[in-house]
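Structure record follows, encoded as structure tokens.
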Amino acid sequence: MAHHLATLIFFALGTQASPFNQSSFLANDNSKGILFPKDADYAKATCAGTDITHPVEQIWSDTAATSAWNFVKDRWSQGPNRPDAANLNFTSYFSHQFHGPQLWECGTFGSLSNCVQTLGHCGDQDGVSGDVDVPAAYVIMNSFVQIHNLHQTVHDDLGNVQSQMQSQIGPFQSTFSPKKELPVNLWKTILDVLGFMTGFFYASVRNSVLKDVLSKVDISKHGELKDSYNTLISQAITTASRHLPANTDSLGIQNDLSSSLGSIAKYWQSFIATTNADLFSGEEKNLNALFGMINDGSSITQLKIGDQDVLATVEKLLYGYMIPHAWAVSPDDLHPAIIASPGDDCTSYAQPDTTSKIMNDDTAAKTHVCMDGTIYYVVNAKSNGSVEPLPGGTFDDLSSGSWGGVRLDDMVTSVVNAYKQNNNANGYSLPDIASLLSSSTGDDLLLTNGIQTPGFFNIPFCDSVQTFQDNLAAGNPSMKNWPCF
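Mapped onto mature numbering (1 follows the signal peptide of the UniProt record, and there is no 0), the consecutive letters of the sequence shown carry residue numbers -17 to -1, 1 to 468.
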């Protein structure tokens, strides 16, 4: 007995469809006025085509799902002149065409959506009664459920961010700003980059899912899938940037760090809900994005993201953004810098080979990163020519998975690549959203590097210890990008 698609995903007890009639058109119930060609390839397909032991591309092909999609899309595109059920939303309309469940509201969350549990029974014209008339509808609608449930999971998990992170606010301050309580308006600076932070968040979630999806489809389809995900991410970020709150009051950030966390999480919840609603809206550009998500069976099986994945993504973004800002408000007048020492061997101490020591062995051991054969030190630069660890900025503090898993390596990668992209000069800034989206080409995934994206960390970079020492004599700590101007 074949193992069908339903064996992998949750089962739902559906209503039993009556046998197909034998007229020139198929209709489960003629009184519903729904007609689709009996000789259509998707109408001839059988439920055997949903055998989950087959590759997902084969399931998609054997059920002729693309043809079924195009059939409904063509009818839907007629707008108010649609042959039937013109007042339904797109996903309900799709279900209606194949006598599936009513109120199939995949664009909404909660009990009203009826798009939470996958269909349990495939139906076909060979006499197999199921939740829908044809296997293609079974495959496509279950794909809708997987996408909807992914967004629902992310949305719900964001509701736990405040309670999960608020206990860390005190330790965060004592670790990265031990001599001064962080000012409340520090969190408000996130508003200045909220569009980008939202983009980083959604791209991180989507790219996490994509890794699992790519493992299930043939490598020849990877390029198309990446393009589809980029399209969805691009549209979502563009929408978010157009609806950014005008000020911190409208965002809801209060004079309390915990409340600020909650407000940011709620904004992202709203963003996820809007993104999901747009994707299932039936608008032309969104139909194309939705088809890209389901084409070739890429969403047939469960789109996996764990509860902790969402929290980890949020923590990494927020802590990654806030750590340098905590250093910036320190009463100790800190001057974060990343100093390269090319040519030196990476050891446990990694002391730079210079005639004048700029740090002791303990500082060298705690602050260095070895990347591509070069040693980099993430340090606080002092006007007397010495350097020391930054508060919380040591390997011990940023290697154990705490603080969202932010690491010294993340800072070095972001800063060094920004320096290179800026013609080996400091001062690189994150481009605006429009520029970033337009510059993405080929197999690049938007914002796939997360906090390692060039410019995410804005820390001055010295390409050698000698450059650092030369700059000490040529400038003063009040200069921009000192000591690596």
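All C-beta atoms, glycine included, are put in the ideal place defined by N, C-alpha and C.
Return the first residue and the last residue of the beta strand (DSSP E) that residue i is part of.
i: histidine 351; result: 351 to 354
i: serine 187; result: Run containing serine 187: none in the beta strand (DSSP E); it sits in the alpha helix (DSSP H), 177 to 197.
i: tyrosine 359; result: 357 to 364
i: alanine 320; result: 319 to 324
Alpha carbon to alpha carbon, how far is residue j from residue i? Give it in angstroms, no decimals.
i: aspartate 453; j: isoleucine 321; result: 15 Å
i: threonine 74; j: glycine 438; result: 40 Å
i: valine 370; j: methionine 342; result: 6 Å
i: valine 362; j: methionine 394; result: 11 Å
i: histidine 205; j: methionine 276; result: 12 Å
i: threonine 29; j: aspartate 210; result: 31 Å
i: glutamate 267; j: lysine 194; result: 27 Å
i: threonine 222; j: asparagine 259; result: 12 Å
i: glycine 387; j: isoleucine 434; result: 11 Å
i: alanine 219; j: threonine 450; result: 43 Å
i: asparagine 53; j: proline 66; result: 15 Å
i: threonine 136; j: glycine 113; result: 28 Å
i: methionine 124; j: histidine 82; result: 12 Å
i: leucine 24; j: isoleucine 42; result: At residue 24 the sequence reads aspartate, which differs from the leucine that was named. Roughly 14 Å between the two C-alpha positions.
i: proline 372; j: glutamine 147; result: 29 Å
i: leucine 270; j: alanine 51; result: 14 Å
i: glutamine 5; j: asparagine 213; result: Note that glutamine 5 scores a pLDDT of 33, beneath 50, so its modelled location is shaky; the value from the coordinates is reported in the next line. Rounded to whole angstroms, glutamine 5 to asparagine 213 spans 44 Å at the Cα level.
i: histidine 351; j: valine 144; result: 32 Å
i: leucine 455; j: valine 448; result: 11 Å
i: asparagine 464; j: leucine 208; result: 41 Å
i: lysine 299; j: proline 307; result: 13 Å
i: glutamine 108; j: alanine 248; result: 48 Å
i: phenylalanine 92; j: threonine 101; result: 15 Å
i: tyrosine 302; j: tyrosine 76; result: 44 Å
i: serine 383; j: threonine 431; result: 23 Å
Within 10 angstroms of the Cβ of residue i, are there 16 or more other Cβ atoms? Answer buried if so, exposed if not.
i: proline 118; result: buried
i: serine 461; result: exposed
i: isoleucine 202; result: exposed
i: alanine 69; result: exposed
i: serine 397; result: buried
i: proline 374; result: buried
i: aspartate 279; result: buried
i: serine 324; result: buried
i: serine 160; result: buried
i: aspartate 140; result: buried
i: serine 366; result: exposed
i: glutamine 80; result: buried
i: glycine 142; result: exposed
i: residue 486; result: Absent from the structure is residue 486, since the part of the chain shown begins at -17 and ends at 468.
i: leucine 95; result: exposed
i: arginine 189; result: buried
i: threonine 46; result: buried
i: lysine 162; result: exposed
i: glutamine 129; result: buried
i: alanine 457; result: exposed
Let me know the secondary structure DSSP gives residue i once reduced to three states.
i: aspartate 139; result: helix
i: valine 122; result: helix
i: proline 84; result: coil
i: aspartate 114; result: coil
i: valine 370; result: strand
i: proline 307; result: helix
i: aspartate 34; result: strand
i: phenylalanine 440; result: coil
i: phenylalanine 92; result: coil
i: phenylalanine 127; result: helix
i: alanine -12; result: Confidence in alanine -12 is poor, its pLDDT being 41 and thus under 50, which makes the residue's placement unreliable; the coordinate value appears in the next sentence. Residue state, collapsed to three classes: helix.
i: phenylalanine 19; result: strand
What residue range is occupied by the uninterrupted alpha helix (DSSP H) comprising residue i?
i: asparagine 64; result: Asparagine 64 -> no alpha helix (DSSP H), and no H or E assigned at all.
i: proline 154; result: 152 to 159
i: valine 144; result: 144 to 148
i: asparagine 271; result: 267 to 277
i: serine 78; result: 73 to 80
i: alanine 401; result: 391 to 404
i: tryptophan 386; result: Run containing tryptophan 386: none; DSSP gives neither H nor E here.
i: valine 39; result: 39 to 45
i: leucine 455; result: 448 to 457
i: lysine 204; result: No alpha helix (DSSP H) contains lysine 204, which DSSP labels as neither H nor E.
i: aspartate 24; result: 24 to 27
Assuming residue i and residue j make a contact with CB atoms under 8 Å, what is their CB distance in whole Å?
i: valine 39; j: leucine 133; result: With a Cβ gap of about 16 Å, valine 39 and leucine 133 do not count as contacting.
i: histidine 138; j: isoleucine 255; result: 5 Å
i: phenylalanine 184; j: valine 297; result: 7 Å
i: cysteine 467; j: phenylalanine 444; result: 5 Å
i: histidine 131; j: cysteine 89; result: 5 Å
i: lysine 349; j: phenylalanine 378; result: 5 Å
What do you reckon, is the C-beta of residue i under 7 Å from a heavy atom of the ligand MN?
i: valine 99; result: Of the ligands one can find in the structure shown there are none, so the ligand MN has no counterpart to examine.
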